[in-house]
Amino acid sequence: MKLLLDTHVVLWATRAPEALSKTATVLLAETDNELLLSPVVVWEMAIKHQLGKLPEAQPLLADLATVRRDLRTAPLPINDEHALLAGTMNWAHKDPFDRMLAAQAMLAGAVILSVDTAFDDVPGLSRMW
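Position in the sequence shown (from 1) plus 5 gives the number in the working numbering.
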């Protein structure tokens, strides 16, 4: 299964694994799953860290290569198709990070791994937690 990791999943998996759900822990450990990490997650962590809202992101931002290796993630680059869908999807949720992650997951045929139930309102998007 393809899984796109939400920002908090990356943070919790690397800094506070006890915060993950049992399902998320199993899905992350299953080596047959393809774990995807979007630059949106890095962007969100960097902005929130810079604003002082996410001090725990600093070690992750300082060593992204290790984070990617430890979590066994493949990159999911952003392209024009993602941007167009994120900007035009029929979803009342306005968070640009979430909109891009939703668009990327849908177009990649991935399930979004997230605690955020707002993703459940996106037609055609599957979320697991």
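No residue lacks a Cβ here, since even glycine has one placed at the ideal position from N, Cα and C.
For Gly114, the CB contacts under 7 Å within the same chain, skipping 5 residues up- and downstream, are Lys7 in chain order. Per DSSP, the unbroken alpha helix (DSSP H) holding Pro101 starts and ends at Pro101 to Ala113.
For Leu10, the pairing in a beta bridge is given by DSSP as Leu118. Residue pairing by DSSP places Ala79 opposite Leu41 in a beta bridge. Counting only the Cα atoms, Val127 lies some 27 Å from Ala34. Rounded to the nearest angstrom, the gap between the Cα atoms of Leu10 and Met50 is 13 Å. With respect to the 8 Å criterion, Ala79 and Leu40 are classified as neighbours on the basis of their beta carbons.
With the rule of 3 Cβ pairs closer than 8 Å, the segment 53-64 does not count as touching the segment 83-90.
Excluding its 5 nearest sequence neighbours in each direction, Asn84 has no C-beta neighbour in its own chain below 7 Å. In this structure Leu76 is not in contact with Val120, their Cβ atoms being roughly 17 Å apart against a cut-off of 8 Å. Of all alpha-carbon atoms in Ala29, Pro44 and Thr30, the one lying nearest the alpha-carbon of Met105 is that of Pro44. Inclusion of Ile117 and Ala108 in the CB contact set at 8 Å is not warranted, their separation being larger than that value.
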